[in-house]
Amino acid sequence: MRHFNLELNWNFSYSTGNTGLDKLGKGYKEVVNLPHDFSISLERSELESSGGAGGFFPGGIGTYEKEILIPDDGDNKVYILLVEGAYMNAEVYINGNLAAMHPYGYTEFKVDLTSYMRFGEKNKLRIVVNNNALPNSRWYSGSGLYRHVQLLTAEKVYIDPWDLYITSEDITAENAVVKFEASVTNVLTKDETIEILTTIYDRNGNEITSDLNSDTAKRNGKTTFKRQLSINTPALWSVEHPYLYKAVTKIIQNGCVLDETDTTFGIRSISFDPKNGFCLNSTSMKLKGGCIHHDNGPLGAAAFDVAEYRKIRLLKELGYNAIRTAHNPPSRALLDACDYYGMLVIDEIFDCWRQKKNSYDYHLYFEDWWKRDVESTIYRDRNHPSVIMWSIGNEIGERDGNSGGVQISQALCDHVRKLDPTRAVTNGVNAIFLDAGEFGGILANIFNGSAGDLSELPQEVHELLKECDRVTAEWGEITEPFCKDLDVVGYNYLDSRYVEDGVQFPDRVICGAESYPKMMASVWKKVEENPHVIGDFTWTAIDYLGESGIGRSFYDETGNLFGDYPWHISNCGDLDICGFVRPQGEYRKILWNKSTEPYLAILKPEHFGKKEIVSAWGWSDVVHSWSFPEHEGQKVRVDIYSNADEVELIINGRSIGKKAVNEELMVSFDVQYTPGVIEAVNYRNGMAAETDLIETCDTPYRLQLEVETENWSSDSTDDLKYITCSVRDKNGLLVPYADHFVKVEINGAGELTAIGTGDPVSEEKYKGHARKAYNGQLLIIVREKEKGITVVSAKAEGIRETTFEIKGNKAMKNSVSIH
269 MRHFNLELNW NFSYSTGNTG LDKLGKGYKE VVNLPHDFSI SLERSELESS GGAGGFFPGG
329 IGTYEKEILI PDDGDNKVYI LLVEGAYMNA EVYINGNLAA MHPYGYTEFK VDLTSYMRFG
389 EKNKLRIVVN NNALPNSRWY SGSGLYRHVQ LLTAEKVYID PWDLYITSED ITAENAVVKF
449 EASVTNVLTK DETIEILTTI YDRNGNEITS DLNSDTAKRN GKTTFKRQLS INTPALWSVE
509 HPYLYKAVTK IIQNGCVLDE TDTTFGIRSI SFDPKNGFCL NSTSMKLKGG CIHHDNGPLG
569 AAAFDVAEYR KIRLLKELGY NAIRTAHNPP SRALLDACDY YGMLVIDEIF DCWRQKKNSY
629 DYHLYFEDWW KRDVESTIYR DRNHPSVIMW SIGNEIGERD GNSGGVQISQ ALCDHVRKLD
689 PTRAVTNGVN AIFLDAGEFG GILANIFNGS AGDLSELPQE VHELLKECDR VTAEWGEITE
749 PFCKDLDVVG YNYLDSRYVE DGVQFPDRVI CGAESYPKMM ASVWKKVEEN PHVIGDFTWT
809 AIDYLGESGI GRSFYDETGN LFGDYPWHIS NCGDLDICGF VRPQGEYRKI LWNKSTEPYL
869 AILKPEHFGK KEIVSAWGWS DVVHSWSFPE HEGQKVRVDI YSNADEVELI INGRSIGKKA
929 VNEELMVSFD VQYTPGVIEA VNYRNGMAAE TDLIETCDTP YRLQLEVETE NWSSDSTDDL
989 KYITCSVRDK NGLLVPYADH FVKVEINGAG ELTAIGTGDP VSEEKYKGHA RKAYNGQLLI
1049 IVREKEKGIT VVSAKAEGIR ETTFEIKGNK AMKNSVSIH
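Here our numbering runs 268 ahead of the position in the sequence shown, where the first position is 1.
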């Protein structure tokens, strides 16, 4: 099918859902481009119904309108609207007719517009997205048409985008069998004799093999055709070498091409068993995984292709080889990026079933929609070599068998395997919500923000977990019926059960579906020691909007699980929302041997000597800095992360001491802060090895702009440029304590899309032209409007401004006329 993007120039109107508030100016109209998240640009407030879980962002109702010109002779074609994501409760109207409704905000849906089209004139398309009933999510969801929207056209004999299925089997070094299953749709009233030509190309565009056969497409329906091709000396897809092929499938009649479909795929094998764990291409490996939510930080939920590719590239650089799309299907672009970079994926579908977690969440629609949403996910994603597991849920309340939980689990597993029998089915199971009594009451208080002292909560939680662990047999008996149909059982925060459950359930394959970041060393040790445990997925790999402040640290004070307004970021990722690496991310690189260098992490001097209370999802409030202007002569704690035998601390050329590195891969020193140079030196086999060195910076002198470059290209119209703006001293050193108010101006071919920092308590908007620096830097995101030069200028009071030119290669194109 031909794909026409409908990204640009939508007439958008926003309503709060309250006529009175709209009249007071809360409602507005503007022209927008997709992908578009309207919540990210709205004013946050502590009174918002989304609460801390939703980052205190508003919802509302967004209406998108556009006209599409269809030619006079267009009645010989079909027209299908493809909406990749609309959060949520979408209604699609064409020429005033309600053509479709779709409640789930995370699954793709298609709408056949053919019967409503008017040929030779403009057709009015209207999409209403209603995210007014809050709370409906446990994290920031965003609102609107936040993923791509396309119009697909074809002759009346065609292959639907979801109807081509490619698998590979009998893979050896010499040969691989590639199987094609294509369903051809024929909406005509008579059978049609057609030819189906399938051609496979390597990544350089060279033809590898092809197949041509004559077939009959049955009238008024779909006809499924199966083909089998062989590839000699196949290049296998792996995390180290993610080799991709392209299959081009054409429907031909009387020498004319009626339809053409391009599909990228990889050749690889996967297997799961308790003895060998997870095997990719017959080689056992551990999943170095991270959970990620769908937002893109300063962009909100808007799923720009560049943002999704950047996200995966940054995670690969940290050492990750797997992600879990918590707790919903991701964008198409994210999976394309995982295919490209070699990132394995747990593709998760639901966060709840019949039992609610919020008043207005998916539990309202599950009964009627689960099958359609499962099909949407699997039909769309099953050709991605990166996807290795389908997750049918996360922390499902029905795990103990209530509300038909066992029967639902079985039905979901059966339906998933019917659609794709080549991958494992999993579910993230957590003992915390197993008991509906005392423990459930405590957690209800926590999530309502009414719990007591945070320092008391972990002890209560751990005591109850120990009680659960003591009655292993009872826990196993309760959950076994729920888990028995799963190929891999996901354990959320249950690493204490890995060993004994390996004994009690010898045929069970376990995956650590969620774990606490501050326990990553001990958890990873258990993963490595137990073959039936295939990997660990930390919570989280990237910071996200919502679940405000769950990763906070406290010093001589306490608080609730969620931070009060203006907290709006989780504060628990290896990367912050801008993609800047946080200290725990540097620690993970050392844990996974992605880095051999030590890393200096200095506890902020104002915290020294205070009682430290770190959230279960948190990290100490440390910085990679030796610049504390107001704390000279004061005591500071210096942590050093290292995977060496010993590490030495040197300050201004004087050795402070040498310590053996423990199992936690960390040593600490209490020292007096003296400006100058601080250095950590690794020792391996008694010999000095790698070092980390930090110099004290001078006073702020100038701004600096640096643009990121991506090593991939696509036909996407949403080309973004990521630019880091930092405050530097006269020697070019970062000034990590700088918090200057930076004004950004964009001229030329680009436009400012977002500006942000990792500051979790900032009240500034991400859709502005100025922002305070945080840790000495901020992120500027520019979207190219046309080919040419974009001039980016940044200025701040008291320091030198700077200007940077970006040469653009793309122009945003808008398809409103269909030919």
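Note that beta-carbon positions come from the ideal geometry of N, C-alpha and C, so glycine has one too.
Just so we're clear, the structure is a prediction, and the values are computed from it rather than from any experiment.
- Selection 303, 314, 293, 270 evaluated against residue 1029 yields 314 as nearest (Cα-Cα).
- Residue 811 and residue 846 have their C-alpha atoms spaced approximately 9 Å apart.
- About 6 Å separates the beta carbons of residue 1049 and residue 988, which is inside the 8 Å limit, making them a contact pair.
- In terms of CA proximity to residue 873, 940 leads the group 940, 582, 851.
- In the DSSP assignment, the residues bridged to residue 905 are 938.
- In this structure the region 307 to 323 does not lie against the region 361 to 370, because fewer than three pairs of beta carbons, one per stretch, are closer than 8 Å.
- Pairing residue 429 with residue 419 gives a Cβ-Cβ distance that is not under 8 Å.
- Per DSSP, the continuous beta strand (DSSP E) segment holding residue 805 begins and ends at 801 to 806.
- Residue 342 is bridged by DSSP to nothing; it lacks a bridge partner.
- Look at residue 972 here: in three-state DSSP terms it is strand.
- By the beta-carbon neighbour count (other beta carbons within 10 angstroms, threshold 16), residue 954 is exposed.
- In this structure, the CA atom of residue 381 is about 35 Å from the CA atom of residue 497.
- Remark: C-beta atoms of residue 387 and residue 339 approach each other more closely than 8 Å.
- With respect to residue 475, residue 467 sits close: the two C-beta atoms are nearer than 8 Å.
- In the structure shown, the three-state DSSP call for residue 447 is strand.
- Distances from the CA of residue 375 to each of 658, 596, 780, 797 were compared; the closest alpha carbon is that of 596.
- As for any alpha helix (DSSP H) of minimum length 4 sitting wholly inside the region 531 to 596, the runs are 573 to 586, ordered along the chain.
- A contact between stretches requires three or more CB pairs, one per stretch, nearer than 8 Å, and the region 628 to 645 fails this requirement with the region 581 to 593.
- For residue 375, the secondary structure class from DSSP, reduced to helix, strand or coil, is coil.
- Judged by DSSP in its simplified three-state form, residue 746 adopts helix.
- For residue 925, the CB contacts under 8 Å within the same chain, skipping 5 residues up- and downstream, are 916, 917, 937 in chain order.
- Counting only residues of its own chain and dropping the five nearest sequence neighbours on each side, residue 298 has a CB closer than 6 Å to the CB of 280.
- For residue 652, the three-state secondary structure derived from DSSP is coil.
- Bridge pairing for residue 390: 337 [DSSP].
- Contact check between the region 338 to 357 and the region 430 to 438: fewer than three CB pairs, one atom from each, fall below 8 Å, which does not count as touching.
- In the displayed model, residue 510 falls within a strand according to three-state DSSP.
- Around the beta-carbon of residue 525, fewer than 16 other beta-carbon atoms lie within 10 Å, marking it exposed.
- According to the DSSP assignment, residue 994 belongs to the beta strand (DSSP E) that extends over 988 to 996.
- The beta-carbon distance between residue 541 and residue 414, rounded to whole angstroms, is 39 Å. This is too long to meet the 8 Å contact definition.
- Residue 594 is classed as buried because its beta carbon has at least 16 other beta carbons within 10 Å across all chains shown.
- Between residue 892 and residue 912, the C-beta gap is not smaller than 8 Å, which leaves the two residues out of contact.
- Pairing residue 655 with residue 613 gives a Cβ-Cβ distance under 8 Å.
- For residue 846, there is no enclosing alpha helix (DSSP H), as DSSP gives it neither H nor E.
- In its chain, beyond the 5 residues on either side, 789 have a beta carbon closer than 7 Å to the beta carbon of residue 932.
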